[in-house]
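Protein sequences appear in the order of chains A and B.
Under UniProt numbering, the letters of the first sequence match residues 1 to 333, in that order.
Under UniProt numbering, the letters of the second sequence match residues 1 to 542, in that order.
Glycine included, C-beta positions come from ideal geometry on N, C-alpha and C.
Working notes, beginning with the structure itself.
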Amino acid sequence: MSFNVKDVILKEDRPKTLLLQKHSDYLATYGQNKDDYEFCMTEYLRMSGIYWSLTAMELMDQSSRMPKEEIIEFITSCQDKESGGISASIGHDPHMLYTLSAVQVLAMYDRLDAIDVDGVVRYILSLQQEDGSFFGDMWGEVDTRFSFCAVMALSLLHRLDAININKTVDFVLSCMNFDSGFGSKPGSESHAGLIYCCVGTLSICNRMDALRADELAWWLCERQLPSGGLNGRPEKLPDLCYSWWVMSSLSMLNRIHWVDKKSLEQFILACQDSETGGFSDRPGDIPDPFHTLFGLAGLSLLGDTSIKSVNPTYCMPQETIDKLKLQPQVLHI
Amino acid sequence: MHGRVKVRTSEEEKARKEKERQEKLKIFKNVMQKIQFKRNEGELDQELLELTGNVLTSNPDIYTLWNIRREIIIIYKKDVKMKENMSKLYDSELQLTEYCLKINPKSYGSWHQREWVLTMRPDPDWKTELSLCNKYLKLDERNFHTWDYRRFVINQCQPALKEEFDFTTEKLFDNFSNYSAWHYRSKMLVKLYPDVEGGRPIEDSHHKHELKMVQSAAFTDPDDTSAWFYQRWLLGAVKNSVDLVVSSVTTSKSFLTFSQYVSKEFVKSKVQIFINKTLVTPDWSSCTGNHYDKLWLFKHNVSIEAGMDIKVEFDKENGQKQIVSCVPAETLTYVGKGNINFQKYYSEPVLKELKDQLESCRQLLAMEPDNKWTLLTTTIFLNCIDAKLYHNEVIDNLKTLQSIDKLRTGYYEDLKTRWCIENQLYRDYESNDLVYRVSFDDKITCLPHLQYYSHCEKVDLTNQNLTTKVLPSLILLQNCKVGDKGVRQARCECRSFVLCLHPYSRLPVFALYDTLCSLLICDLLTNFAFFTDFECDYDLVL
Numbered sequence: 001m002s003f004n005v006k007d008v009i010l011k012e013d014r015p016k017t018l019l020l021q022k023h024s025d026y027l028a029t030y031g032q033n034k035d036d037y038e039f040c041m042t043e044y045l046r047m048s049g050i051y052w053s054l055t056a057m058e059l060m061d062q063s064s065r066m067p068k069e070e071i072i073e074f075i076t077s078c079q080d081k082e083s084g085g086i087s088a089s090i091g092h093d094p095h096m097l098y099t100l101s102a103v104q105v106l107a108m109y110d111r112l113d114a115i116d117v118d119g120v121v122r123y124i125l126s127l128q129q130e131d132g133s134f135f136g137d138m139w140g141e142v143d144t145r146f147s148f149c150a151v152m153a154l155s156l157l158h159r160l161d162a163i164n165i166n167k168t169v170d171f172v173l174s175c176m177n178f179d180s181g182f183g184s185k186p187g188s189e190s191h192a193g194l195i196y197c198c199v200g201t202l203s204i205c206n207r208m209d210a211l212r213a214d215e216l217a218w219w220l221c222e223r224q225l226p227s228g229g230l231n232g233r234p235e236k237l238p239d240l241c242y243s244w245w246v247m248s249s250l251s252m253l254n255r256i257h258w259v260d261k262k263s264l265e266q267f268i269l270a271c272q273d274s275e276t277g278g279f280s281d282r283p284g285d286i287p288d289p290f291h292t293l294f295g296l297a298g299l300s301l302l303g304d305t306s307i308k309s310v311n312p313t314y315c316m317p318q319e320t321i322d323k324l325k326l327q328p329q330v331l332h333i
Numbered sequence: 001m002h003g004r005v006k007v008r009t010s011e012e013e014k015a016r017k018e019k020e021r022q023e024k025l026k027i028f029k030n031v032m033q034k035i036q037f038k039r040n041e042g043e044l045d046q047e048l049l050e051l052t053g054n055v056l057t058s059n060p061d062i063y064t065l066w067n068i069r070r071e072i073i074i075i076y077k078k079d080v081k082m083k084e085n086m087s088k089l090y091d092s093e094l095q096l097t098e099y100c101l102k103i104n105p106k107s108y109g110s111w112h113q114r115e116w117v118l119t120m121r122p123d124p125d126w127k128t129e130l131s132l133c134n135k136y137l138k139l140d141e142r143n144f145h146t147w148d149y150r151r152f153v154i155n156q157c158q159p160a161l162k163e164e165f166d167f168t169t170e171k172l173f174d175n176f177s178n179y180s181a182w183h184y185r186s187k188m189l190v191k192l193y194p195d196v197e198g199g200r201p202i203e204d205s206h207h208k209h210e211l212k213m214v215q216s217a218a219f220t221d222p223d224d225t226s227a228w229f230y231q232r233w234l235l236g237a238v239k240n241s242v243d244l245v246v247s248s249v250t251t252s253k254s255f256l257t258f259s260q261y262v263s264k265e266f267v268k269s270k271v272q273i274f275i276n277k278t279l280v281t282p283d284w285s286s287c288t289g290n291h292y293d294k295l296w297l298f299k300h301n302v303s304i305e306a307g308m309d310i311k312v313e314f315d316k317e318n319g320q321k322q323i324v325s326c327v328p329a330e331t332l333t334y335v336g337k338g339n340i341n342f343q344k345y346y347s348e349p350v351l352k353e354l355k356d357q358l359e360s361c362r363q364l365l366a367m368e369p370d371n372k373w374t375l376l377t378t379t380i381f382l383n384c385i386d387a388k389l390y391h392n393e394v395i396d397n398l399k400t401l402q403s404i405d406k407l408r409t410g411y412y413e414d415l416k417t418r419w420c421i422e423n424q425l426y427r428d429y430e431s432n433d434l435v436y437r438v439s440f441d442d443k444i445t446c447l448p449h450l451q452y453y454s455h456c457e458k459v460d461l462t463n464q465n466l467t468t469k470v471l472p473s474l475i476l477l478q479n480c481k482v483g484d485k486g487v488r489q490a491r492c493e494c495r496s497f498v499l500c501l502h503p504y505s506r507l508p509v510f511a512l513y514d515t516l517c518s519l520l521i522c523d524l525l526t527n528f529a530f531f532t533d534f535e536c537d538y539d540l541v542l
């Protein structure tokens, strides 16, 4: 038997404690230098970048280190007057992904008045198709990620009734696979990130009953590898962001105890960069705000009390979700 | 940023690299500015195609640049002068995407552009596209973008399904570890060989054939997980129908529970209740307020007395009508039992195959007793073949699994609970008692099939390994009545309540539900201590 499990080995000199101050410093300085190469090259996803950084900062109770007014002004200027959608950055086109990020950021700031809410609703509604699916933008790409963006953004705006919920749910369910997981469209292979999107959609639409919960949760807990880290599909390497996609899905399924929390925590902590701060996908790689958020959010789900409680459906602080009086569904067990 | 290893470099090297990057950045910013300027000025022309193309070859994820290209192509398409050049334009667009995919085979933007071009042009060459898929799948057999693109191409050119099915066989014989191919195969299998008459997902002879194939794959390398998932699916691919499990009528309300979540429409159209031969036409509510639920109830205005004739009729999926008589269990609680069945049913040939495979598994296990996948599969086989007969062996196996697969002890605990409760339920279901008490030694960790106990007045969950996670599901215990005096009083003042801990806030939240549902969890209220994770340092106020 020559089979090797695809996994990493955690080194003895890895970080073993949570370096909160370093992460806060990392995010506070990220993007301060507007001529930084990485920063400029990722302009096409700036709006999501802001969401990752701000949410991470919120979870650490450090959001005062973010330039609030500048961010709000930026978001306002990224809304397309005509379609109502919001773009990643100035000069880019509106898209569902960045429309959601913008709404999430403004919800955390309690400043939804900074955009034309009716415009956002109109934009999202315009992207729903006859079969219940959503386009990412006017160019017709279909993906369950966009279904999740649609219901999440609308629910944060208390306008979920604007779209056809039954059809939205039916489309998501048409993406269910033999392993009870979900892919990006009907016929696509199961993937933990898209499972999060589909379970999240059902959680917001209050239709968690439609899942094959035990089978799905078993597949999800089988993502855990001997290193403690989680992969996103069978026979793949672990990646820190799956700590979020898998664990949030398991939380909505009320079966988070099906993974080993202790070894996952060790893996997440090992992905910290002890020099610069921030988390990376795997120990020893370059950190970024995306993995920094999902590292912190994952630790929050594991019950780390030095981080604020995160809502598994919205990936936003629970206090924001409470304030908005939203109650995404968690399955009874 | 995925998979970028941090490398240590000298200060000198760092400075050199930074200088290089700043130069690159300057050029990048200039081009981006020019692109934006031209777009704003409406100069959607050849030059803009070149500019965007240049940037995309190194940054294929800048989605707006693809949008600009599409805008230009659409304009050209409408232009009669361009008519002869269009085919060339489409070709070069395809070349660009192919170039970008070489740089980043996971670029959403490039894949979508390719799809878009092929749906735009009047002369798409699907054969070329299919061979492109084959080529890319050779480079990376798990790239889900390539698989998705393949499905798009197949959907357009519609070859015989069997060809694609054979393609998965070929891929799997290259490498049994190719989970993407197993996945694709599952889609083909149910389309090619559905069991139309029997209502099973897969026709018998093919079900058996697949079981054989997956077994040989799994045995080739028992540590590779892909085939085991496919096998587990095949084992669960049996006919599944909704059963009416318990019907209860008490002095204040009636409630029905089902084996699965059902809608109000389902209950309304499939169930009829007769009290003293009079049809009751209730307005059903679900116990949680959700549209799909396992328990549906209504408050009735008939006064319930001893000696009444209460019947429930249920239209089963097979067209038969099931008639359930509700008999008095306690003075004024009438309970009717419907069907109870947790055993999976296979056809004789499939069952025989399962038994043969069980034997092979046992042999493999004898050689490698600590192999998790072999032991798990043996256990699943036992449960599928005859859960009652093999119950003790199954439970022992799960305990062994807990020690050899430590990362998933929580899963095995809950599975053990489920199968022990199923085993106990067969006996409890025969009894007329209104009692739910765990009658085996292992402690339970969750409350599976709780709707089967919805009629119970006495529920004893003390001394189990339950956590507060289960609290919301206690709403299924619609007839639970045991508690001390204080709690009864609370019940009088506030007739309907459900207690729940919000799963994600760290403090318990007590919510009052103003519905028909009156859930009593008195034992729990007076004795929270038995929840293993409950810490409460303040008084409970109802």
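#1: How would you list, in chain order, the residues of chain B whose beta-carbon sits under 8 Å from the beta-carbon of residue 35 of chain A?
#2: Mind pulling the chain B residues with CB within less than 9 Å of residue 133 of chain A?
#3: Give me the subset of the stretch 242 to 254 of chain A whose CB atoms are less than 8 Å from a CB atom of chain B, sorted by chain position.
#4: Count the C-beta pairs between the stretch 134 to 148 of chain B and the stretch 93 to 108 of chain B that are closer than 8 Å, then say yes if the count reaches three, no if not.
#5: Can a CB atom of chain B be found closer than 8 Å to the CB of residue 44 of chain A?
#6: Given a limit of 8 Å on CB to CB distance, which residues of the stretch 180 to 199 of chain A reach chain B?
#7: Using a Cβ cut-off of 7 Å, pull out every chain A residue sitting near residue 446 of chain B, in sequence order please.
#8: Measuring CB to CB, does residue 222 of chain A end up less than 8 Å from residue 225 of chain B?
#9: Can you tell me whether DSSP reads residue 164 of chain B as helix, strand or coil?
#10: Would you mind telling me which residues of chain A sit closer than 7 Å to residue 151 of chain B, beta carbon to beta carbon, in chain order?
#11: Beta-carbon separation of residue 267 of chain A and residue 227 of chain A under 8 Å?
#12: Just by C-beta distance, which residues in the stretch 22 to 34 of chain A are closer than 9 Å to chain B?
#13: Counting only C-beta atoms, is residue 178 of chain A closer than 8 Å to chain B at any point?
#14: Since I believe residue 111 of chain B is in contact with residue 136 of chain B (beta carbons under 8 Å), could you give me their beta-carbon distance rounded to a whole number of angstroms?
#15: Suppose you measure from the CA of residue 16 of chain A to the CA of residue 264 of chain A; what does that come to, to the nearest Å?
#16: What is the C-beta distance between residue 43 of chain A and residue 89 of chain A, in whole angstroms, given that I count them as a contact (C-beta under 8 Å)?
#17: Name the chain A residues whose beta carbon is nearer than 7 Å to that of residue 61 of chain B?
#18: Just to confirm my understanding: we take residue 10 of chain A, look at its own chain, exclude 5 residues before and 5 after, and list those with CB closer than 8 Å. What are they?
#19: Pairing CB atoms from the stretch 162 to 169 of chain A with CB atoms from the stretch 179 to 198 of chain A, are three or more of them under 8 Å?
#20: With a threshold of 8 Å between beta carbons, is residue 410 of chain B in contact with chain A?
#21: Would you please state the rounded distance, in angstroms, between the beta carbons of residue 219 of chain B and residue 234 of chain A? I believe it to be under 8 Å.
#22: Count the CB pairs spanning the stretch 334 to 346 of chain B and the stretch 247 to 262 of chain B that are closer than 8 Å, and state whether there are at least three.
#23: Counting pairs of beta carbons, one from the stretch 195 to 209 of chain A and one from the stretch 243 to 250 of chain A, are three or more of them closer than 8 Å?
#24: Quick one: give me the first and last residue of the alpha helix (DSSP H) that residue 279 of chain B is part of.
#25: Should residue 80 of chain A be flagged as near chain D, meaning a C-beta pair shorter than 8 Å?
#26: Can you list the beta strand (DSSP E) stretches of 3 or more residues lying completely in the stretch 223 to 294 of chain B, in chain order?
#27: Who are the near neighbours of residue 527 of chain B in its chain, counting only those whose CB is closer than 8 Å to its CB and skipping five residues on each side?
#28: Name the DSSP bridge partner or partners of residue 137 of chain A?
#29: Could you tell me how far apart the beta carbons of residue 457 of chain B and residue 330 of chain B are, in whole angstroms, since I believe they sit closer than 8 Å?
#30: So if DSSP puts residue 462 of chain B in a beta bridge, which residue, or which two residues, is it bridged to?
#31: According to DSSP, is residue 246 of chain A helix, strand or coil?
#32: For a contact meaning CB atoms closer than 7 Å, what does residue 238 of chain B contact in chain A?
#33: Label residue 5 of chain B either buried or exposed according to how many other C-beta atoms from any shown protein chain fall within 10 Å of its C-beta, with 16 as the threshold for buried.
#34: Quick one: any contact between the stretch 259 to 273 of chain B and the stretch 313 to 328 of chain B, if contact means 3 or more CB pairs under 8 Å?
#35: Can you name, in chain order, every residue of its own chain whose Cβ lies under 8 Å from the Cβ of residue 158 of chain A, other than the five neighbours on each side?
#36: Please classify residue 305 of chain A as buried or exposed, where buried requires at least 16 neighbouring CB atoms within 10 angstroms.
To lay it out plainly:
#1: Position 35 of the first sequence, counted from the start, is the residue given in the question as residue 35 of chain A. Under the 8 Å cutoff, chain B gives 22 and 25.
#2: In the first sequence, residue 133 of chain A corresponds to position 133, counting from 1. The premise fails here: residue 133 of chain A is roughly 14 Å from chain B at the closest Cβ pair, so nothing lies under 9 Å.
#3: 251 and 254
#4: yes
#5: Here residue 44 of chain A refers to the residue found at position 44 of the first sequence. Cβ-Cβ to chain B under 8 Å: yes for residue 44 of chain A.
#6: 183, 184, 185, 187, 188, 189, 190 and 191
#7: Numbered from 1 along the second sequence, position 446 holds the residue referred to as residue 446 of chain B. What residue 446 of chain B touches in chain A: 333.
#8: The count along the first sequence starts at 1 and reaches residue 222 of chain A at position 222. The count along the second sequence starts at 1 and reaches residue 225 of chain B at position 225. Cβ atoms of residue 222 of chain A and residue 225 of chain B: closer than 8 Å.
#9: In the second sequence, counting from the first residue as 1, residue 164 of chain B sits at position 164. It is helical.
#10: If you number the second sequence from 1, residue 151 of chain B lands on position 151. The answer, in chain order, is 187.
#11: Translated into positions along the first sequence, residue 267 of chain A becomes position 267. Translated into positions along the first sequence, residue 227 of chain A becomes position 227. Yes, these two residues count as a Cβ contact at 8 Å.
#12: none
#13: For this step, residue 178 of chain A is matched to residue 178 along the first sequence. Yes, its Cβ sits closer than 8 Å to a Cβ of chain B.
#14: In the second sequence, the residue the question calls residue 136 of chain B occupies position 136. In the second sequence, the residue the question calls residue 111 of chain B occupies position 111. About 10 Å separates the two Cβ atoms, so there is no contact after all.
#15: Within the first sequence, the letter at position 16 stands for residue 16 of chain A. Within the first sequence, the letter at position 264 stands for residue 264 of chain A. Straight-line Cα distance between these residues: approximately 12 Å.
#16: Here the question's residue 43 of chain A lines up with position 43 in the first sequence. Here the question's residue 89 of chain A lines up with position 89 in the first sequence. Yes, they are in contact, since the Cβ atoms of residue 43 of chain A and residue 89 of chain A sit about 5 Å apart, within 8 Å.
#17: In the second sequence, residue 61 of chain B corresponds to position 61, counting from 1. Correct list: 44.
#18: Reading the first sequence from its first residue, position 10 is the one you call residue 10 of chain A. Only 227, 228, 266, 267, 270 and 283 meet the Cβ criterion.
#19: no
#20: Here the question's residue 410 of chain B lines up with position 410 in the second sequence. Closer than 8 Å to some Cβ of chain A, the Cβ of residue 410 of chain B qualifies, so yes.
#21: The sequence position of residue 219 of chain B within the second sequence is 219, counting from 1. The sequence position of residue 234 of chain A within the first sequence is 234, counting from 1. About 18 Å; that fails the 8 Å criterion.
#22: yes
#23: yes
#24: What you label residue 279 of chain B is simply residue 279 of the second sequence in a count that begins at 1. No alpha helix (DSSP H) contains residue 279 of chain B, which is instead part of the beta strand (DSSP E) from 278 to 280.
#25: Looking at the structure shown, chain D is missing, and the protein chains on hand are A and B.
#26: 244 to 249, 253 to 263, 271 to 275 and 278 to 280
#27: Residue mapping note: residue 527 of chain B aligns to position 527 of the second sequence, counting from 1. The predicted model places residue 527 of chain B with a pLDDT of 39, which falls under 50 and marks its position as unreliable, so this point remains unresolved.
#28: One-based indexing of the first sequence puts residue 137 of chain A at position 137. Note: residue 137 of chain A sits in no beta bridge, so no partner.
#29: What you label residue 457 of chain B is simply residue 457 of the second sequence in a count that begins at 1. What you label residue 330 of chain B is simply residue 330 of the second sequence in a count that begins at 1. Yes, residue 457 of chain B and residue 330 of chain B are in contact; Cβ-Cβ is about 7 Å, under 8 Å.
#30: In the second sequence, the residue the question calls residue 462 of chain B occupies position 462. Paired residues: none, contrary to the question.
#31: Position 246 of the first sequence, counted from the first residue, corresponds to residue 246 of chain A. Looking at residue 246 of chain A - three-state DSSP - the assignment turns out to be helix.
#32: The sequence position of residue 238 of chain B within the second sequence is 238, counting from 1. In chain order: nothing, as chain A lies at least about 13 Å away.
#33: To locate residue 5 of chain B, count along the second sequence from 1; it is residue 5. Answer is exposed; the Cβ neighbour count stays below 16.
#34: yes
#35: Locating residue 158 of chain A in the first sequence gives position 158, counting from the first residue. Taken in chain order, the residues that qualify are 324.
#36: The sequence position of residue 305 of chain A within the first sequence is 305, counting from 1. Flag for residue 305 of chain A reads exposed.
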